[in-house]
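*Asks:*
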Amino acid sequence: MSTDADSLSEDTLQSTINQYYMLNQATKLHLNADQLQTLMDPPAFDSTVYNKNGKSSAGGATSNTANSMLAGGLGIFIFIFLTAYVGMIAQEIANEKSSRIMEILLAVTSPGVQFFGKLLGVAGLAITHGLVYVLAGGIFAIFMPKNQYIDMVRGMLAGVDINFAIMTGLLAIVGIFLYMILTAIISAMINDLSQVQQAVSPITYVAMIGYILSFVLEGQPHNLLINVLSYVPFISQTLMPARLGLQYANMTDALIALLLEVVVLIFLARYGLRVYKKNVLTYTDGNITKAALLSLKGLFSKKTIED
Numbered sequence: 046m047s048t049d050a051d052s053l054s055e056d057t058l059q060s061t062i063n064q065y066y067m068l069n070q071a072t073k074l075h076l077n078a079d080q081l082q083t084l085m086d087p088p089a090f091d092s093t094v095y096n097k098n099g100k101s102s103a104g105g106a107t108s109n110t111a112n113s114m115l116a117g118g119l120g121i122f123i124f125i126f127l128t129a130y131v132g133m134i135a136q137e138i139a140n141e142k143s144s145r146i147m148e149i150l151l152a153v154t155s156p157g158v159q160f161f162g163k164l165l166g167v168a169g170l171a172i173t174h175g176l177v178y179v180l181a182g183g184i185f186a187i188f189m190p191k192n193q194y195i196d197m198v199r200g201m202l203a204g205v206d207i208n209f210a211i212m213t214g215l216l217a218i219v220g221i222f223l224y225m226i227l228t229a230i231i232s233a234m235i236n237d238l239s240q241v242q243q244a245v246s247p248i249t250y251v252a253m254i255g256y257i258l259s260f261v262l263e264g265q266p267h268n269l270l271i272n273v274l275s276y277v278p279f280i281s282q283t284l285m286p287a288r289l290g291l292q293y294a295n296m297t298d299a300l301i302a303l304l305l306e307v308v309v310l311i312f313l314a315r316y317g318l319r320v321y322k323k324n325v326l327t328y329t330d331g332n333i334t335k336a337a338l339l340s341l342k343g344l345f346s347k348k349t350i351e352d
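All letters in the sequence shown, in the order written, are residues 46 to 352 by the numbering used here.
1) By Cβ distance, which residues of its chain are closer than 7 Å to Phe222, with the 5 residues on each side in sequence left out?
2) Quick one: any contact between the region 136-155 and the region 231-239, if contact means 3 or more CB pairs under 8 Å?
3) Mark Phe209 as exposed unless 16 or more other C-beta atoms lie within 10 angstroms of its C-beta, in which case mark it buried.
4) Where are the beta strand (DSSP E) runs, 3 residues long or more, that stay fully inside the region 205-247, in chain order?
5) Can you tell me which of the three DSSP states His174 falls into?
6) Mark Leu270 as exposed unless 16 or more other C-beta atoms lie within 10 angstroms of its C-beta, in which case mark it buried.
7) In three-state DSSP terms, what is Ile280?
8) Rounding to the nearest angstrom, what Cα-Cα distance links Leu215 and Val167 in this structure?
9) Taking just the CA atoms, how far does Gln193 sit from Phe160?
10) If you follow the alpha helix (DSSP H) that Ser143 is part of, which residue opens it and which one closes it?
11) Determine the direct distance from the alpha carbon of Leu289 to that of Tyr130, and round the result to whole angstroms.
12) Between which two residues does the alpha helix (DSSP H) carrying Leu325 extend?
13) Answer yes or no: the CB of Ile221 versus the heavy atoms of the ligand NAP, is any distance below 7 Å?
14) Can you find at least 3 beta carbon pairs, one from the region 265-283 and one from the region 292-309, that sit closer than 8 Å?
15) Return yes when the Cβ of Leu284 is within less than 8 Å of the Cβ of Gly264, no when it is not.
16) My assumption, with CB atoms under 8 Å, is that Ala287 sits in contact with Leu127. Please give the rounded CB distance.
17) Following the continuous alpha helix (DSSP H) through Ser60, name the residue where it begins and the one where it ends.
18) When you compare the CB positions of Thr228 and Leu119, do they come within less than 8 Å of one another, or not?
19) Taking the Cβ atom as the reference point for each residue, do Ile248 and Tyr224 lie within a distance shorter than 8 Å?
20) Would you give the residue range spanned by the alpha helix (DSSP H) that Met147 belongs to?
21) Are the CB atoms of Ser155 and Leu238 within a distance shorter than 8 Å?
22) Looking at the structure shown, is Gln80 part of a helix, part of a strand, or coil, going by DSSP?
23) Determine the direct distance from the alpha carbon of Tyr65 to that of His75, and round the result to whole angstroms.
24) Judging by CA-CA distance, which residue of Ile207, Ile134, Ala314 is the nearest neighbour of Met296?
25) Given that a residue counts as buried once 16 or more other Cβ atoms are within 10 Å of its Cβ, and exposed if not, what is Gly317?
26) Count the other CB atoms within 10 Å of the CB of Asp31; is the residue buried (16 or more) or exposed (fewer)?
27) Provide the residue span of the alpha helix (DSSP H) that contains Leu262, from first to last.
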C-alpha cells in the first residue's frame with residue numbers, strides 16, 4: 046500500500062486489479078498457474094501475401110517487416126549519399142572552372158573522358174567508403190557478437206527476401222548514377238564556387254520527394270500520385286523499394302521502374318555529355334537557369350547529333 050497517492054498512477058492500479066481479478070477467476074475455475082499461462086499465450090501464425098498476380102512473397106510477416114526496414118534504411122542511405130557526393134561533384138567542377146584548371150585538363154584529354162572519369166572517380170570513392178563501413182561492421186560483429194545492435198541487424202538481414210534485395214540494390218545504384226550525371230551537367234554551367242549551392246539545391250529537393258513520400262506511403266497505399274511517382278526516375282530509387290517492401294507493388298512493377306531508370310540514364314549520359322561540352326569552358330553572366338535554357342537550344346538538332 047502506497048503512502049504517497051501522487052506516486053500511484055491509475056494505470057498501475059488498473060493493472061494490479063486486473064491481475065488479481067484474473068487469479069481469482071482462475072482459482073474459481075480450478076486452473077493452476079501453467080494452465081492460466083497457456084490460456085493467456087497468443088496463438089502463433091504465419092502469413093503469405095497474395096496480390097492480383099499471385100503469390101508476391103514467401104516468409105510472411107517477418108519477411109515483409111525485414112524488407113520494409115531495409116527499404117527505409119536504403120532511403121536514408123541514398124539521401125545521405127546524394128547530399129554528400131552530389132555536393133562533392135559540384136565543388137570539384139566549380140573549382141576547376143573558377144581556377145581555369147579545366148582548360149588545362151581539356152587540353153590533354155577529351156570532355157567525354159573528363160566527364161565520365163570524374164563520375165567514376167566519385168563512384169569509386171563512394172564504393173571505397175561503403176566497403177570501409179562494411180568491413181568495420183564485420184570486425185565489430187566478430188569481436189562483439191552479443192551486441193544488441195549487431196543482433197538487430199543480423200536478424201533483419203536474415204529475413205530479407207533475396208529477390209527484393211537484388212532489385213532494390215539495382216534501383217538504388219542506377220538512381221544514384223542518374224543523380225551524379227545530372228549534377229555534373231548542371232555543375233558545368235557554374236562560373237565560380239559561389240554558385241554551387243544554387244546548382245545543388247534543386248537536385249537535393251528532387252531527392253527529398255521520394256525520401257519523404259516513402260514515409261507517407263504506409264498510411265496511403267492506394268494514393269494514385271505516389272503510385273505513379275514510384276515509376277518516375279530520380280524518385281523511383283527510393284519510393285519503389287518502399288512500395289515493394291510493404292507489398293504494395295510486385296517484382297514486375299519494380300522491373301518496369303528499373304527499365305525506365307536505365308532508359309533515362311542512357312539518354313542523360315548521351316545528351317548530357319553534349320550539354321557538358323557546351324558549357325564546361327563557357328562563362329556566362331546571370332543565373333544557372335538562363336545558362337540551362339541556352340544549353341537546350343539546338344541540342345537535338347542534326348548538326349549537334351553529328352558533332
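Every residue, glycine too, gets a C-beta built ideally from N, C-alpha and C.
*Replies:* From the atom records:
1) Leu310
2) yes
3) buried
4) none
5) helix
6) exposed
7) coil
8) 18 Å
9) 45 Å
10) 132-143
11) 27 Å
12) Reading off the sequence shown, one finds Val at residue 325, where the question assumed Leu. No alpha helix (DSSP H) holds Val325; DSSP gives it neither H nor E.
13) Judged by which ligands are present, the structure shown has none, so any question about the ligand NAP falls away.
14) yes
15) no
16) Contact doesn't hold; Cβ gap of about 16 Å is too wide.
17) 55-73
18) no
19) yes
20) 146-153
21) no
22) helix
23) 15 Å
24) Ile207
25) buried
26) What the structure shows of the chain is the stretch from 46 to 352, and residue 31 is not part of that stretch, so it cannot be assessed.
27) Looking at the DSSP string, Leu262 is not in any alpha helix (DSSP H), and its letter there is neither H nor E.
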